[in-house]
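In this note's numbering, the protein residues as written are 128 to 295.
Backbone N, C-alpha and C fix where the C-beta goes; we use that ideal spot for every residue, glycine too.
Source: prediction; values computed, not measured.
Structure, rendered in structure tokens:
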């Protein structure tokens, strides 16, 4: 239970170092977007990579070469989805969430809060973290595609170009 043999430990060390080094090189060559958390798909790829690394290091049934191939498949899929999202607006809508306005000119948008399963307390907590004492002075709060909340302290009554892609 605590110790089987030195061969198992040696395998973990060798497989762990090899898989880790390969993953670092692969991530550096694939670009910053591979580990971003811009949308749910990016998060899934990041979690899958961690799970694959754990399998390669800890499972005797998973050969290191198969784990490295899995890394390549995950990065290639993420790259393809990102590329298609940039080139085809319809595909982007399929794999990416839209940012959503949840507060506008000091007024919470209850329908948006309900649809996004956010509470008034969630929004107020973010405002407090930003050092904002009064909701009335806030221009907008946007639920971003990665699940974070962005606060715009001031919002012009006319054009607010940073809200162009935000669902109202």
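- If you draw a straight line from the Cα of residue 259 to the Cα of residue 169, it is about 31 Å long.
- Rounded to the nearest whole angstrom, the C-alpha separation of residue 176 and residue 229 is 33 Å.
- Each residue's CA atom was taken as its position, placing residue 227 and residue 134 some 53 Å apart.
- Under a 10 Å Cβ-count criterion, residue 231 is classified as buried, with 16 or more other Cβ atoms of the shown protein chains found around its own Cβ.
- Closest option to residue 152, judged by alpha-carbon separation, among 292, 290 and 199: 199.
- Counting along the chain, the unbroken beta strand (DSSP E) around residue 277 starts and ends at 276-279.
- In the three-state scheme derived from DSSP, where H, G and I count as helix and E and B as strand, residue 269 is classed as strand.
- Per the C-alpha coordinates, the member of 257, 291 and 287 positioned closest to residue 276 is 257.
- Two segments are said to touch when three or more pairs of C-beta atoms, one from each, lie closer than 8 Å; by this definition the stretch 178-197 touches the stretch 139-155.
- About 6 Å separates the beta carbon of residue 250 from that of residue 268, a gap short enough to meet the 8 Å contact definition.
- Counted as a single uninterrupted DSSP element, the beta strand (DSSP E) harbouring residue 227 occupies residues 227-231.
- Of the residues 216, 289 and 137, the one whose Cα lies closest to the Cα of residue 186 is 137.
- Ranked by Cα distance from residue 272, the options 248, 281, 178 and 219 are led by 219.
- With contacts defined as CB atoms closer than 8 Å, residue 222 and residue 157 fail to qualify as a contacting pair.
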